[in-house]
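Heads up, the sequence shown is in the working numbering, so the first residue is -6 and it goes up one at a time.
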Amino acid sequence: MTNKEGTKYIFVTGGVVSSLGKGIAASSLGFLLQRRGLKVQNIKLDPYLNVDPGTMNPYQHGEVFVLDDGSETDLDLGHYERYLDMSLVKGNNVTTGQIYNTIITRERRGDYLGATVQVIPHVTEEIKNRIKNPGRRGEQYDVIIAEIGGTVGDIESLPFLEAIRQIGQEEGSSNVCFVHVTLVPYIPTAGEFKTKPTQHSVKALREIGIQPNVLLCRSATPISEALRQKIGLFCSVQTKSVIAAPDVPTIYEVPLNFHKSLLDDIISDQLDWSLPQPDLSDWEKMVEKIKNPKRRIKIGICGKYVNLKDAYKSIIEAFVHAGVESDSEVQLVWVSSEDIKKGGAEKFMHDINGLLIPGGFGERGVEGKIEAIRFVRENKIPFLGICLGMQCAVIEYARNVCDLSDAHSYEFYRDLKHPIIHLMADQEGVTELGGTMRLGAYPAKLIKDTKSYKAYGTDEISERHRHRYEVNNVYREMLEKEGLALTGVSPDGRLVEIIEIPDHPWFVGVQFHPELKSRPTRPHPLFRDFVRAASDHYEGAQSGSGSNSQNENVKSSA
Ligand code: GLN
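Here it is, written out as structure tokens:
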């Protein structure tokens, strides 16, 4: 399918409540249209005033998803990259903060001289401009799928809704499709699904001039044909376009269900496309494997935000992808670093097959993480440390193997005797916090015959970063002499990117974030090999040769 008729648009809005899975819906739609031969681009419009989510607390926002170009973006971009298997750029995430930043800078420069600068038309024009020119400059797309953050009815999303209404008006109904994701709650005391919230939310959309073409009805269990008819009648949407979107065991099943409900056919009919049927066999196979694993392994994850799964979204997904490769379902056992500090590592980790320490900021919980790392290092349990997790592994090694009992990170204390983790030289003097870390893709060189080299199958890699601190070069020689292998470094040799313990089944720490580049059908090599090693550990424990007994008592799982 060529782009002769110009780009078309699909707008995805959400109603009733947040967290309905709009991002998954937009990604699934993009995936299906891409599989039917279209050149697709997904973008996210976030109505908040932050320029990007980089300065937000994970409790507010969940994970910050870093792109190759170093932009810090919404976690939905992670879904887009995973479902569409493509790398996105800064322009794929637009925020109110960016829009106002641009407009106010222009106003101060005098670009609007003589005019009153207003939400309509200035803000809405800037929004339209960004929707129409996403991704890489000058690239043409058959379809742009724009997801609007928040819920219809929010004051702050009004300029975005007005902008997409205008695009609908200007481009016409064969070029623009409005998809509204809504909730159909089940009320147990009445024994019924209720359609009223959906009716109200569509009413709110219509009041601002948007008539949805498709409704994606989220519910706990599938809704009936009769209910879809009723919703369609009240909302002026054809019954066939009222799609039941019940909860599913894995998010990767969503596009398959959409396809079964003919969602991609309905949209291509409206947008006048005649598209070949998609080949979904690889995806179906992957979903089957996710749903029917051979074994369930337990990987402990020790971080600050144990109660907030969205803070580790990409890590959770990377484990799903890696699990498919080794026929293992990874059950993540969330261990609080505070608990470990109080009760010891053994109590919380005696039955795990692997430990992951994710990235993070700030000192809270660090001592518990270091203790957890000591436990898996000594007990030969597979380990993957990411960013702060790798830094903690180096501190642990310096303290317990190299006998530098007061080794620590300069991030937490300034007058250290052994700042084994130090501020990177180019971070000195940085005072602004937004967008100033070492961000985005950087190349690294790997040493042959190491676990990381074996995983990647090459000695040249590129990975995404988000940090200010690094392994202190002053201690490199000592660490190596004491048996810590520095197996990956920046091409100029100045920054340590990967550490390993050769005399351990699988102990790898990385300064970057491999989880950001894992894709459902192409798991990240380090996650893949980590899960393989943890699966071997599980098998060893099952056959009695491992040191750990298996215990079905899981604290909580993802
Ligand atoms: N806080 C550490 C640093 O800035 C680690 C960052 C991270 O884990 N993303 O270097």
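Backbone N, C-alpha and C fix where the C-beta goes; we use that ideal spot for every residue, glycine too.
Note that this is a predicted model, so its numbers are computed, not measured.
Per-residue burial, L26 [other beta carbons within 10 Å of its own, 16 or more giving buried]: Here residue 26 refers to the residue found at position 33 of the sequence shown. Classification of L26: buried, given that the 10 Å Cβ count is 16 or more.
Nearest-angstrom Cα separation, counted from K306 out to H252: Here the question's residue 252 lines up with position 259 in the sequence shown. Here the question's residue 306 lines up with position 313 in the sequence shown. Taking C-alpha positions only, H252 is separated from K306 by approximately 25 Å.
Given this structure, state the Cα-to-Cα distance separating Q162 from C228, to the nearest angstrom. Position 169 of the sequence shown holds residue 162. Position 235 of the sequence shown holds residue 228. Whole-angstrom Cα-Cα distance: 20 Å.
From what residue to what residue does the alpha helix (DSSP H) around W276 run? Taking the first residue of the sequence shown as 1, we reach residue 276 at position 283. Residues S274 to K284.
Would you say F376 and V387 are within 8 Å of each other, going by their C-beta atoms? Your numbering for residue 376 matches position 383 in the sequence shown. Your numbering for residue 387 matches position 394 in the sequence shown. Their beta carbons are not under 8 Å apart, which means F376 does not touch V387 by this criterion.
Which whole-angstrom value is the C-beta distance of V489 and R469, which I expect to be below 8 Å? To locate residue 489, count along the sequence shown from 1; it is residue 496. To locate residue 469, count along the sequence shown from 1; it is residue 476. About 7 Å separates the two Cβ atoms, so the contact holds.
Assign S536 to one of two classes, buried (16 or more other C-beta atoms within 10 Å of its C-beta) or exposed (fewer than that). The sequence position of residue 536 within the sequence shown is 543, counting from 1. The residue in question, S536, is exposed, as its Cβ has fewer than 16 Cβ neighbours within 10 Å.
Three-state class that DSSP yields for T117 in the structure shown: Residue numbering aside, residue 117 sits at position 124 when the sequence shown is read from its first letter. Annotated three-state conformation of T117 is helix, per DSSP.
Should E425 go down as buried or exposed, given a rule of 16 or more other Cβ atoms within 10 Å for buried? Walking along the sequence shown from the start, residue 425 turns up at place 432. Label assigned to E425: exposed.
Outcome for Q263 when other beta-carbon atoms lying within 10 angstroms are tallied against a minimum of 16: In the sequence shown, counting from the first residue as 1, residue 263 sits at position 270. By the neighbour-count rule (16 or more Cβ atoms within 10 Å), Q263 is buried.
My output table needs one value for D258: the three-state DSSP class, helix, strand or coil. For the purposes of this step, residue 258 is taken as the residue at position 265 of the sequence shown. Helix, per DSSP.
Buried or exposed: where does P269 fall if 16 or more other Cβ atoms within 10 Å of its Cβ makes it buried? In the sequence shown, residue 269 corresponds to position 276, counting from 1. So P269 counts as exposed.
State yes or no: is the C-beta of I141 within less than 8 Å of the C-beta of L151? Locating residue 141 in the sequence shown gives position 148, where the first residue counts as 1. Locating residue 151 in the sequence shown gives position 158, where the first residue counts as 1. It is not a contact, given that the beta carbons lie outside the stated cut-off.
Are the segment 311 to 318 and the segment 524 to 533 touching, with three or more C-beta to C-beta distances below 8 Å? yes
Given 7 Å as the limit, tell me if H460 has its C-beta closer than that to any heavy atom belonging to ligand 1. Numbered from 1 along the sequence shown, position 467 holds the residue referred to as residue 460. Because some heavy atom of ligand 1 lies under 7 Å away, the Cβ of H460 counts as near it: yes.
Assess, as a yes-or-no matter, whether the segment 277 to 285 is touched by the segment 245 to 261 under the definition of 3 or more beta carbon pairs within less than 8 Å. yes
Buried versus exposed, by CB contacts within 10 Å (16 or more), V207: Counting from 1 along the sequence shown, the entry for residue 207 is found at position 214. The residue in question, V207, is buried, as its Cβ has 16 or more Cβ neighbours within 10 Å.
Apply the 10 Å Cβ neighbour rule to P242 and answer buried if 16 or more other Cβ atoms are within range, or exposed otherwise. Residue numbering aside, residue 242 sits at position 249 when the sequence shown is read from its first letter. It counts as exposed.
Any heavy atom of ligand 1 closer than 7 Å to the Cβ of C170? Your numbering for residue 170 matches position 177 in the sequence shown. No, ligand 1 has no heavy atom inside 7 Å of this Cβ.
Are the beta-carbon atoms of I413 and C385 separated by less than 8 Å? Start at 1 with the first residue of the sequence shown, and residue 413 comes out as number 420. Start at 1 with the first residue of the sequence shown, and residue 385 comes out as number 392. The answer is no: Cβ separation not under 8 Å.
Whole-Å CB distance - H506 paired with G352, under 8 Å assumed: Working through the sequence shown from its first residue, we reach residue 506 at position 513. Working through the sequence shown from its first residue, we reach residue 352 at position 359. Going by Cβ atoms, the distance from H506 to G352 rounds to 6 Å, so yes, they are a contact pair.
CA nearest to the CA of K15, picked from Q420, Y73 and G(-1): Residue numbering aside, residue 15 sits at position 22 when the sequence shown is read from its first letter. When each option's Cα is compared against that of K15, the closest is Y73.
Sheet register partners of Y179 (DSSP bridge): For this step, residue 179 is matched to residue 186 along the sequence shown. DSSP lists F186 as partners of Y179.
For G296, does the three-state DSSP call read helix, strand or coil? The residue given as residue 296 occupies position 303 in the sequence shown. Reduced to three states, the DSSP call for G296 is strand.
Does the Cβ of G422 have 16 or more other Cβ atoms within 10 Å, making it buried, or fewer, making it exposed? On the sequence shown, residue 422 is found 429 positions in, with the first residue counted as 1. Exposed.
At which residue ranges does the segment 74 to 160 contain complete alpha helix (DSSP H) runs of 4 or more residues, listed in the order of the chain? 89 to 102 and 117 to 125
Cβ-Cβ distance between R457 and A434 below 8 Å: Stepping through the sequence shown from its first residue, residue 457 is reached at position 464. Stepping through the sequence shown from its first residue, residue 434 is reached at position 441. Yes, the pair counts as a contact, with Cβ atoms nearer than the cut-off.
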